[in-house]
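So the sequence shown is numbered by this note's numbering: it starts at 4 and just counts up by one.
One structure below.
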Amino acid sequence: MTTPPATAAQAPARTAAIWAALDPLVAAGTPLQVLDLGGGSGMFAVPLAALGHQVTVVDPSADALATLHRRAATAGAGDRVRGVQGDGDRMLTALPSGEVFDLVLCHFVLEVVDDPASTLSQLAGVLRPGGQLSLATANRAGAVLSRAVGGHPVEARALLTDRDPAPGRTGPARRRFDPEQLFTLLTGAGLEPGEWRGVSVVADLLGASSGADPDALRALELALAGTSPYRDVATGLHVLATRPAG
Numbered sequence: 004m005t006t007p008p009a010t011a012a013q014a015p016a017r018t019a020a021i022w023a024a025l026d027p028l029v030a031a032g033t034p035l036q037v038l039d040l041g042g043g044s045g046m047f048a049v050p051l052a053a054l055g056h057q058v059t060v061v062d063p064s065a066d067a068l069a070t071l072h073r074r075a076a077t078a079g080a081g082d083r084v085r086g087v088q089g090d091g092d093r094m095l096t097a098l099p100s101g102e103v104f105d106l107v108l109c110h111f112v113l114e115v116v117d118d119p120a121s122t123l124s125q126l127a128g129v130l131r132p133g134g135q136l137s138l139a140t141a142n143r144a145g146a147v148l149s150r151a152v153g154g155h156p157v158e159a160r161a162l163l164t165d166r167d168p169a170p171g172r173t174g175p176a177r178r179r180f181d182p183e184q185l186f187t188l189l190t191g192a193g194l195e196p197g198e199w200r201g202v203s204v205v206a207d208l209l210g211a212s213s214g215a216d217p218d219a220l221r222a223l224e225l226a227l228a229g230t231s232p233y234r235d236v237a238t239g240l241h242v243l244a245t246r247p248a249g
């Protein structure tokens, strides 16, 4: 059975704001060449392929890419999805030389790459002139609020000053960003950022077991995503940025 494409009106509440930004690009009926960096098992890639777009997913996990291909086949879009094993810091080496894309997704990847500025510069380099980058990252303000509400004021204060909230951990600390940082990174990569949105303003605070009506929660997320002060404390930030045509 073919899985229907996700759009802002169909997507889970926590990603509805991202789909709302993408919908004008991906639902227009024109097939796009799409790159999804760190796209894993295909949360965005499979619905985009189901809409008729050709999607390349670059991800370091072979298991995630195997799941991606199974999901794409189940959705009837297996011939429109390509999985490439590679990571954000050496992405260009995983792709054929000279390949360019109409749309690039970089969702919750900058938190873990070695050099966010380098990764964005590479992504800008594989965008065709006029192409767009969909960038989503963890929001520092949302992380501070989440830790504080969860009863961890020391960790919340550490995040406020961009320090590792759990310095004893074995893995590297994840970065968090604010809108000003994202705009600086994007313009530094030669891209023109549009307006930013909050991603999961309330959905993550409520949790999956809240019992809230999914349609009502999705509608609330869409209403809050572009509105301050609500968007300022969302779990994530989202920006569409364009590579100038000139």
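Note that beta-carbon positions come from the ideal geometry of N, C-alpha and C, so glycine has one too.
Since this is a predicted model, take the numbers as computed values, not measurements.
Residue i, buried or exposed, once every other Cβ within 10 Å from all chains shown has been counted against 16
| i | result |
| --- | --- |
| V37 | buried |
| G153 | exposed |
| Q135 | buried |
| R166 | exposed |
| T3 | For residue 3 there is no data in the structure shown, the boundaries of the chain being 4 and 249. |
| G239 | buried |
| D218 | exposed |
| A139 | buried |
| P196 | buried |
| A48 | buried |
| A69 | exposed |
Contacts around residue i, its chain only, beta-carbon distance under 7 Å, and the 5 residues preceding and following it disregarded
| i | result |
| --- | --- |
| M4 | Low confidence applies to M4: its pLDDT is 33, below 50, so where it sits in the model is not reliable enough to give any reading. |
| L25 | S137 |
| A20 | R200, G201, V202, E224, L225, A228, H241 |
| S231 | none |
Coil, strand or helix - residue i by DSSP
| i | result |
| --- | --- |
| R166 | coil |
| R178 | coil |
| G81 | helix |
| L240 | strand |
| V112 | coil |
| R200 | strand |
| V61 | strand |
| G2 | No information on residue 2 is available, as it lies outside the stretch 4 to 249 that the chain covers here. |
| P27 | helix |
Residues near residue i by beta carbon distance below 8 Å, same chain, minus five either side
| i | result |
| --- | --- |
| H72 | G81, V84, G86 |
| V103 | Q36, V129, L130, R131, G134 |
| A23 | A11, R200, L225, A228 |
| L162 | R143, A146, V147, R150, P168, R179 |
Distance between beta carbons of residue j and residue i, contact taken as under 8 Å
| i | j | result |
| --- | --- | --- |
| G42 | V60 | 4 Å |
| A237 | V204 | 4 Å |
| L189 | L123 | 7 Å |
| P34 | G55 | 5 Å |
| L220 | A16 | 4 Å |
| A127 | A192 | 4 Å |
| R93 | S44 | With 8 Å as the limit, R93 and S44 do not qualify as a contact, their Cβ atoms being about 21 Å apart. |
| L40 | V112 | 6 Å |
Contact set for residue i: own chain, Cβ-Cβ below 6 Å, skip 5 residues either direction
| i | result |
| --- | --- |
| E114 | A141, R177, R178 |
| S64 | none |
| Q57 | Q36, R83 |
| P8 | Because the pLDDT at P8 is just 46, under 50, the model does not fix this residue reliably, and the value given afterwards should be weighed accordingly. Contacts found: P50, A53, L54. |
| R110 | For the record, residue 110 in the displayed sequence is His; it is not Arg. Only A139 meet the Cβ criterion. |
| T245 | Q135, E195 |
Item to complete: Determine contact between the stretch 83-93 and the stretch 207-220, defined as no fewer than three beta-carbon pairs at a distance below 8 Å.
Response: no
Exercise. Between the stretch 106-122 and the stretch 154-162, do three or more beta carbon pairs fall short of 8 Å?
Worked result: no
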